[in-house]
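Below: one structure, written as structure tokens.
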Amino acid sequence: MKMSLLGTLVLLITMSGSLAAQSTNGRNAGGRLLLKENWRIQSSALAKEGGDALSTPRYKTAGWYQATIPSTVVGALVEDKVYPDPFRGMNLRLMPGCSYPVGSNFANLPMPDDSPYDKSWWYRTEFQIPAADRGQRLWLHFDGINYSANVWLNGRKIADSADVAGSFRRYEFDVTDAARVGGTNALAVEVFAPKPDDLALTWVDWNPTPPDKMMGLWHDVYLTTSGPVSLRFPQVVTRLDQPSLAAAHLTVNAELHNATNRPVEGTLKGRIEKIQFSKGVRLEPGETKVVSFTPEEFRQLNLTNPRLWWPASLGAPNLYELAMQFETGGRVSDSQTTRFGIREVTSEVDADAHRVFKVNGQKVLIRGGGWAPDMFLRFNPQRLEAEFRYVKNMNLNAIRLEGKLESDYFYDLADREGILVLAGWCCCSHWEHWTHRQDYQEGPVWGPEDYTVAAASQTDQIKRLRNHPSLLVWLNGSDNPPPADVEKMYDDILQKENWPNPSLSSATAQPTELTGASGVKMEGPYEWVPPTYWLQDNKHGGAHGFATEISPGPAVPPVESLHRMLPPEHLWPIDDVWSFHAGGGKFKTLDVFTAAMTARYGEAKGLEDYAAKSQLMTYEGQRAMFESYAKNKYASTGVVQWMLNNAWPSLIWHLYDYYLRPGGGYFGTKKACEPVHVQYSYDDGTIVAVNNTRQTRGGLRLTAKVFDINLAEKFSKTADIDLPADTNIRAFTVPKPDGITPTYFLRLTLEAKDGTPVSSNFYWLSTKDDVLDWDKSTWYYTPTQSFADYTQLQSLRPVTLSAFGWTVRRGDEEVAHVTLENPDRNLAFFVRLQIQRGRGGEEILPVLWEDNYVSLLPGERRELTATYRAKDLGGARPSLAVGGWNVPAEHHALITSPPRGGRR
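Put into structure tokens, the structure is as follows:
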């Protein structure tokens, strides 16, 4: 019986063959027979028969648990309701095997002896292969196994855990001889959890780790067919004429593998829209060969006026389709279709030692967030789509993946939406336990098998990712660069596998002998700092250079999410259950954040007050961070918020919470990153207009007005400006008015010639500055020794707003058009809007608001939209909930058509 382990991935592509579907497993649009449903799992402590018996169709799985792939073991048990909601309170700690110290990095610790996950677990399924596939070669693929596995098919061992080891490797087995074409096949996979000295998935200090350490089949399992020669990894590499961008020169590569014991001759053909190309190929027995089509050899691969792929805000993310097939003996042996973008990514280190990235020759200020998948690695395409829409809605253009290398669909969405991806390996685990590891790192150092697994992991991921236009850069390390021998191994793989984009030794400023200065930094903060920090700091995470992970700290979600994640008896006051939903190490409490809140806004009177003040804190914190980097571009070249999202309900490091509820940080980020934006500088009072597009905006009028706490106007100034593409203008400075109240307000507007609003911004300011204690700065924050005073906000008089709205159906979505008006003489401050499922019902999530947490001056009117999935209403009528800092909560019915004259 001939079997081969290729250790590869197949992209989301169309494959030849006639693999058919059962009722619960089926061929997807890419031609794969997905083995998704009808899986059962059980501990080897109970299923003791062995793989030869378990992988026979006659075996009975009574008492086993159901699973849908992808899934970890604990993830499947949670879906089967074996355990109570692990995301609520301390329920996760009730799971067997979850006795490791709270806040520790479980990846670096052994499992407890009594853990049910210290033993292997079996995954088992059955499927049909139709008789029409007789005569084809059959390939069994595993796109992700955590951590190692024995694989059995129809009573025969296909692969051993000594060879199948590594969370990020991709496996392809020739199972032609073991498969039963035209009959029932039984597949059994014995999965082993990672140990402290394995190169596995880890959660570091982001959140607790499930007791199984995410063991399981965490990416797709599927079958494909081919003739004697299989075709893999089609790639298109672009070289553009710069700076004209008038022509693109394409090189097309594909990998062919002859699975037989005889030579095979044939023709490899390709097509890009109307462009066709081909060449003859001979493959020796068992040979794998990369075949290339160059623009020098094939003149039709020189395109004039190509449709370029651009990242979000700079243009359209245009995609092309490449179709390839290998023919031999008058038949198609294998074929694949993949999408690609015509674009070129470059980078350089400028005179200030800062890394600058360019797409198609255009500088790009990278603004993004660090990604966290679901804690149990459950795949939910609808949720993934919603999160990408959130990223674009916030006007961000990038996502960083630190070791959580996502599904193929993730990268397809990034390609489609124009979101750049920074991908690479993780910190704080065996991935960085080389022989020169730091004293603070736990665990054994690398051995020979680690080099083997690391090299195979790098190879598989690079071959998988290299054709995606969304990939900006690959990082060979995170918190530390690898030693010279490991870095050379990684870089040799990048070169061998034709990685077309920049790569970095790590996400830190540490230089290496091999590649020199990285041009990026990882200097914190990760804890709360005041808004003025970002423009005052010149040593750490301030707005200079490229910050690969920084944050203004905790992100306490809106009160509705607190009610969902915390049991009633632990809602207030803050206790250890809150801390369990914070981070690890230095980030296990909210003490720094809460102390700043008390000093600046007054002590919280209860849960509702704490949650409301938290939204103010995160709004001003995130807005200030992103605005500071925009003010200083391109002295600042990139900023990655740590983090974008969370793997579970958390109180720290996110721009929207696990329930997809956007809070203050979300809308502060969205405001700061507007395509054309007006902003205030906390350090010197400068008013700055920022253009983040490639189009010049001329004839703009910028106005700044300062009001005291009673809305008496104390300052007003207007300037007419022209705003060149991708730049900013410092218009003028707003002084701190003499004799003004301790808390006061600044309103900024930017309008076109005809008065059309372009951007607006509203700040609450203090005559008392936040003063930082720079001498006590640490790797995670700089303490504040005296605080701004916003306590007068607590004395704002109540305001009742006029509000109405109507909805319109747009395909599967509904759009609510909302009008707010302030008829009062007082300010309506920090007004939050929700679309609810009926009056007083649950908030509709996900939702895309045009703006939120808005402030309205007397007589001011705002018109806003919210977009959501119509099905999420569950048959109820949508209701508009309006409430704010000094705005009593009210509910308003939304009508189903626009009112006459646009008003009620």
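When we follow the numbering used here, the leftmost residue of the sequence shown carries the number 2, and every step to the right adds one. Think of the CB as a built atom: it goes at the ideal place given N, C-alpha and C, for glycine as much as any other residue. Note that this is a predicted model, so its numbers are computed, not measured.
When C-beta atoms of the region 784-804 are compared with those of the region 690-701, fewer than three pairs fall below 8 Å, so the two segments do not count as touching.
Residue ranges of uninterrupted beta strand (DSSP E) with 3 or more members, entirely inside the region 384-450 and ordered along the chain, are 399-403, 421-425. Closest in alpha carbon position to tyrosine 321, among Gly330, Arg308, Leu315, is Arg308. By the 16-neighbour rule on beta-carbons within 10 angstroms, aspartate 335 is buried.
Alanine 882 has Gln835, His892 as its beta-bridge partners, per DSSP.
Per DSSP, the continuous alpha helix (DSSP H) segment holding leucine 608 begins and ends at 608-632.
Excluding five sequence positions before and after alanine 631, the CB atoms of its chain that fall closer than 6 Å to its own CB belong to Val691, given in chain order. According to the DSSP secondary-structure assignment, asparagine 502 is paired through a beta bridge with no residue. Rounded to the nearest whole angstrom, the CA to CA distance from threonine 868 to alanine 817 is 6 Å. The beta carbon of aspartate 480 lies closer than 8 Å to those of Cys428, Cys429, Glu433, Ser507, Ala508, Thr509, Met523 in the same chain, with the five residues before and after it left out. Contact annotation: the region 138-158 touches the region 214-223, with at least three C-beta pairs closer than 8 Å. Glutamate 822 and serine 856 have their C-alpha atoms roughly 11 Å apart. For proline 526 against serine 552, the beta-carbon gap comes to about 7 Å, under 8 Å, which counts as contact. The beta-bridge partner set that DSSP reports for isoleucine 276 consists of Ile273. The beta strand (DSSP E) runs lying completely inside the region 112-144 and spanning 3 residues or more are 122-129, 138-143, given in chain order. The DSSP-derived three-state label of threonine 599 is helix. For the options Glu488, Tyr491, Tyr660, Thr638, the alpha carbon positioned closest to that of histidine 564 is the one of Tyr660. For aspartate 721, the enclosing beta strand (DSSP E) begins and ends at 714-724.
The alpha carbon of arginine 840 has as its nearest neighbour, out of Gly876, Pro111, Thr619, the alpha carbon of Gly876. In summary, glutamate 173 is buried, with 16 or more beta-carbon neighbours lying within 10 Å of its beta-carbon over all protein chains present.
Burial check for tryptophan 850: the Cβ neighbour count within 10 Å reaches 16 or more, so the residue is buried.
CA-CA distance, aspartate 115 to alanine 613, rounds to 44 Å. Ranked by how close their Cα comes to the Cα of aspartate 790, the residues Pro743, Glu561, Ser458 have Pro743 in first place. Contact between alanine 518 and alanine 354 holds: their C-beta atoms lie close to 6 Å from each other, under 8 Å.
Within 10 angstroms of the beta-carbon of glutamate 714 lie fewer than 16 other beta-carbons, which makes it exposed. Boundaries of the alpha helix (DSSP H) around leucine 78: 74-80. With respect to the 8 Å criterion, glycine 546 and serine 637 are classified as neighbours on the basis of their beta carbons. Glycine 76 counts as buried, since no fewer than 16 other beta carbons sit within 10 angstroms of its beta carbon.
Pairwise C-beta distances place the region 134-142 in contact with the region 164-183, as three or more of them are shorter than 8 Å. Going by DSSP, glycine 700 is part of no alpha helix (DSSP H) but of the beta strand (DSSP E) stretching over 698-709.
Secondary structure within the region 210-247: the beta strand (DSSP E) runs of 3 or more consecutive residues, fully enclosed, are 222-227, 230-241 (chain order). For tyrosine 172, the three-state secondary structure derived from DSSP is strand. Secondary structure of valine 800 (DSSP, three-state): coil. Take the alpha-carbon of aspartate 451 and the one of leucine 36: they are about 30 Å apart. Inclusion of proline 559 and arginine 662 in the CB contact set at 8 Å is warranted, their separation being smaller than that value. The continuous alpha helix (DSSP H) containing methionine 490 extends over residues 485-497.
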